[in-house]
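If you're matching positions, the sequence shown starts at 1 in the UniProt record's numbering and goes up one per residue.
Heads up, the thing below is written out as structure tokens.
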Amino acid sequence: MNLQPEWITVGALADGFAGDNHILPALDDLAGRHLTLHFDNGWQIEHRFGATTLSWNNIGETASEELAYRATSVRPGLYLVDFLKQDQGATHSVSLVLDLERQCFTAVLGQMPSREESRTDLFSRALAGGELTSVKAQFLHGAIDRPCTADTPRHAPTQELVGLRNQYVYSASEAYEHVYLNADFYSWQCLKGVEQGLADTDRCHYYKVAEQLYLFVWREKIVPTLGLVLIDLAAGRSDGKIFGYQGADFESFANFPVGALARVLNRTSHS
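Take a look at the structure:
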């Protein structure tokens with residue numbers, strides 16, 4: 001008899017991913033650096049990096065408290081910086097793709113739904129014409145240490161992953177499959193691990209960072225989850241993080257690194 005696969009919290013998922021994994025090592029390459037991010041929307045935010053903590057502030061304002069961050073690099077001159085910050089009483093996930101060679105960046109700001117928001121059923125969301133997921137993500141772009149101009153490079157939305165069916169091996173015990181369906185959705189299934197047997201189709205976003213290097217972000221609707229990875233098809237690996245509530249009480253957050261060995265299984269073309 002087949003047992004019904006069980007949905008688990010993000011905290012339980014973090015425990016499953018913890019051992020013997022393929023995450024990239026955290027780096028202190030940015031220690032001592034002071035980078036000012038000039039956003040397309042007019043924001044100017046200074047970031048001061050230590051070895052394991054950073055502070056940030058809008059230009060002319062007081063710096064924030066020291067916040068723990070993780071920085072990794074999938075390619076020379078390019079860093080993924082991730083941290084959590086408190087803003088107006090809410091906890092936000094901040095992920096920065098810093099392209100130091102081209103002096104540009106992409107920022108992804110994520111927020112989990114409240115307990116009340118997460119209790120709205122999918123049918124009601126569909127009837128209201130809204131998104132099925134209650135997880136929010138905002139994508140912002142700009143220049144590093146210089147004002148934004150029309151010539152500033154941008155990490156642009158892409159459909160180059162659409163049609164791919166990829167396998168991601170996160171550790172000896174955790175493996176998943178992704179099918180990138182179209183510009184807005186992908187399907188996933190857990191091949192092996194703590195979510196084995198589970199599968200779904202969720203909202204996603206794709207940005208091209210460089211040749212065969214992509215920023216992929218997904219927002220799950222069953223268990224509120226924000227996933228963010230850089231996928232390097234040339235190197236055959238991914239690295240990033242997963243953010244969500246630690247447990248079912250909505251009291252604390254899990255924000256843990258993930259990294260996988262990536263392999264393209266096939267490509268489907270509908271043309």
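The beta carbon of each residue, even a glycine, is placed where N, CA and C say it ideally should be.
Run of the beta strand (DSSP E) containing Gly240, from where it starts to where it stops: What you label residue 240 is simply residue 240 of the sequence shown in a count that begins at 1. Residues 237-245.
(message) Which runs of the beta strand (DSSP E) at least 3 residues long sit entirely within the stretch 48-96? Give them in chain order.
(response) 53-58, 67-75, 78-87
- Message: Quick check: Val74 and Ala235, are their CB atoms within less than 8 Å of each other?
- Response: Here residue 74 refers to the residue found at position 74 of the sequence shown. Here residue 235 refers to the residue found at position 235 of the sequence shown. Their beta carbons are under 8 Å apart, which means Val74 touches Ala235 by this criterion.
On the DSSP bridge list, what partners appear for Phe216?
The count along the sequence shown starts at 1 and reaches residue 216 at position 216. DSSP, once it has assigned bridges, lists Tyr206, Val229 as partnering Phe216.
**OP:** Check the C-beta distance from Val209 over to Val97 and give it rounded, since I have them as a contact under 8 Å.
**Re:** The residue labelled residue 209 in the question sits at position 209 within the sequence shown. The residue labelled residue 97 in the question sits at position 97 within the sequence shown. Between the beta-carbon of Val209 and that of Val97 there is about 6 Å, and that keeps the pair under the 8 Å contact cut.
**Message:** By the three-class DSSP mapping on this structure, what secondary structure does Ser124 have?
**Reply:** Taking the first residue of the sequence shown as position 1, residue 124 is located at position 124. Ser124 falls in the helix class under three-state DSSP.
Can you pull the DSSP bridge partners for Pro5? One-based indexing of the sequence shown puts residue 5 at position 5. None, per the DSSP bridge assignment.
Within this structure, are the beta carbons of Val223 and Gly240 separated by less than 8 Å?
Here residue 223 is taken as the residue at index 223 of the sequence shown, counted from 1. Here residue 240 is taken as the residue at index 240 of the sequence shown, counted from 1. For Val223 and Gly240, no; Cβs fall outside 8 Å.
**Message:** In whole angstroms, give me the CA-to-CA distance for Met1 and Ile8.
**Reply:** The residue given as residue 1 occupies position 1 in the sequence shown. The residue given as residue 8 occupies position 8 in the sequence shown. In this prediction, Met1 scores a pLDDT of 49, lower than 50, which makes its location untrustworthy; the coordinate-derived value is nonetheless stated afterwards. Their backbone Cα atoms lie some 21 Å apart in a straight line.
*asked:* Closest to Val217 by C-alpha separation, out of Gly193, Glu195, Ser187, would be which residue?
replied: Within the sequence shown, numbered from 1, the residue matching residue 217 stands at position 217. Selected option, being the one with the closest Cα: Ser187.
| query | Would you say His155 and Asn166 are within 8 Å of each other, going by their C-beta atoms? | reply | Taking the sequence shown and counting its residues from 1, the one referred to as residue 155 is at position 155. Taking the sequence shown and counting its residues from 1, the one referred to as residue 166 is at position 166. No, the pair does not count as a contact, with Cβ atoms beyond the cut-off.
Note to self: Would Tyr176 and Leu191 qualify as a contact pair, given that the criterion is a beta-carbon distance under 8 Å?
What the structure shows: One-based indexing of the sequence shown puts residue 176 at position 176. One-based indexing of the sequence shown puts residue 191 at position 191. Against a cut-off of 8 Å, the Cβ pair of Leu191 and Tyr176 comes out as a contact.
Practice prompt. Under 8 Å by Cβ, that's how I've got Leu54 and Leu37 pegged, so tell me the actual separation to the nearest angstrom.
Written response: Here residue 54 refers to the residue found at position 54 when the sequence shown is read from its first residue. Here residue 37 refers to the residue found at position 37 when the sequence shown is read from its first residue. 12 Å between Cβ atoms; not a contact.
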